[in-house]
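To keep things clear, I will list the structure first and then write my remarks on it.
Numbering (full-length UniProt numbering), first residue to last: 1 to 319.
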């Protein structure tokens, strides 16, 4: 009888001792007592809880970032085993864009278990990863269907990535999957292998178009700059000529004013009349002009000295 009692006590002690449990350094433990989750989560170390089935312990690692790959890109080769792989991918990973083009898209969803919503991750859904996969595939198909091929491949990848990340976070929160989305990375976008060359040709044509546009813009900038410089040069030369003409005219006007003043001074002083001073000045200017013109003549005329000719254009009797 005593031996049976000792055995029973040992079994009872062993049963209650089974309530001891260890939580790893990067782990958290969620306790369910009689089926009800108890928060907060238990940290690392040695702990005790009522043994099973009164308490159930579920361990998670909320700091571990996991990656879920969705979709894929076409293989570069259709030979051997790659043919079957590519054919399978064509069935699973093709997405239709808004302008009726087909693209292969691969998305990597990086997520971790939410420490605050660990109960939702463990007990709210049978398979949170599969739920996330289906939800992200649906969201990716919807986003690609609303976008053109040029936006998805390759012009709008940054905006598309931000859009997918934001909308995936919203859906995960509304579906209470108990996970935190860190990032939704677009790992690859490519056309189906059978039409890849056509996409390459289009990309090359687009690059050539952009190059021609850049060259035309550069030529325009160069031409406009040269025309502007030439215009500034012409304006500066015209301004210089204007100033020179004004200064020359002022000088001529000053000299003429001095000559007229000298005429008047001679007349007032009784040296000679105003008209005499005028005729003398005209004759002087006439001779100065001849000194300038005659050396430039290519031929000369000989006159009969028996017939005197008056070469002046200002005779003394000219009033």
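Idealized CB from N, CA, C, for every residue including glycine.
Residue pairing from DSSP places residue 104 in a beta bridge opposite 94 and 190. In this structure, residue 63 places its C-beta atom within 8 Å of the C-beta atom of residue 26.
About 23 Å separates the CB atoms of residue 214 and residue 149; that is not less than 8 Å, and the two are not in contact.
If the five residues before and after residue 127 are omitted, its C-beta is found closer than 8 Å to no C-beta atom of its own chain. With a cut-off of 8 Å on Cβ pairs, the segment 170-182 is in contact with the segment 102-114, counting three or more such pairs. Rounded to the nearest whole angstrom, the CA to CA distance from residue 140 to residue 220 is 43 Å. Linking residue 31 to residue 174 through their CA atoms gives a straight-line distance of about 25 Å.
Put simply, the segment 48-57 touches the segment 8-20. At least three CB pairs are less than 8 Å apart. Per the DSSP secondary-structure output, residue 58 pairs in a beta bridge with 30. Here the alpha carbons of residue 97 and residue 29 stand approximately 45 Å from one another.
Between residue 60 and residue 136, the beta carbon gap of about 21 Å keeps them out of contact (Cβ cut-off 8 Å). Within the segment 119-193, the complete alpha helix (DSSP H) segments at least 4 residues long are 128-145 and 157-175, listed from N- to C-terminus. Annotated three-state conformation of residue 116 is coil, per DSSP. Straight-line spacing of the CA atoms in residue 199 and residue 129 works out to 34 Å. Classified as exposed, residue 274 has fewer than 16 neighbouring CB atoms from the shown chains inside 10 Å of its CB. In the three-state reduction of the DSSP assignment, residue 273 falls in the coil class, being assigned neither a helical nor a strand state.
Secondary structure note for residue 37: it is in no alpha helix (DSSP H), and the uninterrupted beta strand (DSSP E) holding it is 36-42.
According to the DSSP assignment, residue 71 belongs to the beta strand (DSSP E) that extends over 66-71.
Looking at 146, 132 and 124, the one whose alpha-carbon comes closest to that of residue 99 is 146. The C-beta separation of residue 281 from residue 259 comes to about 6 Å, placing the pair in contact by the 8 Å criterion.
Taking a contact to require three or more Cβ pairs closer than 8 Å, the segment 205-212 and the segment 189-196 do not qualify as touching. DSSP, read as helix, strand or coil, puts residue 217 in helix. When beta bridges are read from the DSSP output, residue 45 appears opposite 23.
Closest in C-alpha terms to residue 131, from the list 151, 103, 172 and 232, comes 172.
About 7 Å separates the CB atoms of residue 277 and residue 267; that is less than 8 Å, so the two are in contact. Judged by DSSP secondary structure, residue 296 falls outside any alpha helix (DSSP H); it is assigned neither H nor E.
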